[in-house]
Each structure stands twice: as structure tokens, then as C-alpha cells.
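In my numbering, the protein residues as written are 31 to 151.
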């Protein structure tokens, strides 16, 4: 069973001051594309591939399409709430990438491991 890797797009994108605020959708596309290799390679050393990757987007970052290796999930409301739902529903190991302390606590209750944005961005 492969590990589910859930990415908090807003939080990860916001961790790098590269002008993402001018076009949030384009920033989400750039992040999605950077994640593709992790689907097969994994996140060494503790999370070998393959990984099931879900990029959770919200607000003005919506409209990004899934690509092979990365499924994009448009949160119907709060991205954090959607991430908690996905982590709780994970059938196997789950890793959430975010720097949001409150979210880390919430997903930790379901047994998810948390990593900071630098793990992928």
C-alpha cells in the first residue's frame, strides 16, 4: 500500500515569496508540476515511492487540472477542513505537507505524519 501525500497548496506556495499572490492559479500549477517526480521517487529517506499525491487547492487557485502522478482536489470550502477529511479517510500511511500548526495538530489526531514545505518546495 502506497503512502498518501497530501499537500496544503496555499501554505506551501505561501512559504516562498516569489510573487505567487499575483496569480495563485499559476503558482498552484508550478507546485503541481514540481510534485510529479515525487509520485515515483518518494520523499527520501523515510517515505519511499510510489506515493499517492493529492494537492489541495482553494480560492483563486482553483481550476488546476490533475496530471499523472498528482491529483488536484478543489476544496469546496476550507482547504484545511478538506485536508483533515482526506487524512482521516486514508486507508494507509498518510503524510501532510504544511507549516500550519493548527492543521498539523488536527491531522495528527488521525495518525498523519507532518512535514514542512521545504520537504517538497
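Ideal placement from N, C-alpha and C gives every residue a C-beta, glycine not left out. As the structure is a computational prediction, the values presented were derived from the model and not from experiment.
| Item | Value |
| --- | --- |
| Integer-rounded CB distance, given that residue 61 should sit under 8 Å from residue 43 | 6 Å |
| DSSP state of residue 147 mapped onto helix, strand, coil | helix |
| Segment limits, beta strand (DSSP E) that includes residue 111 | Premise fails: residue 111 lies in the alpha helix (DSSP H), 109-119, not in any beta strand (DSSP E). |
| Coarse secondary structure for residue 70, derived from DSSP in three states | helix |
| Between the CA atoms of residue 46 and residue 53 - distance to the nearest angstrom | 14 Å |
| Sub-8 Å separation of residue 94 and residue 58 beta-carbons | yes |
| Nearest candidate by alpha-carbon position, reference residue 131, set 116, 120, 147, 89 | 147 |
| Same chain, Cβ closer than 6 Å to residue 34, five either side skipped, listed in chain order | 82, 120, 124 |
| Rounded straight-line distance, which links the Cα of residue 149 to that of residue 39 | 13 Å |
| Proximity of residue 32 and residue 80 at Cβ, strictly below 8 Å | yes |
| Close-in-space but distant-in-sequence residues of the same chain around residue 122 (CB under 8 Å, 5 per side omitted) | 31, 32, 33, 34 |
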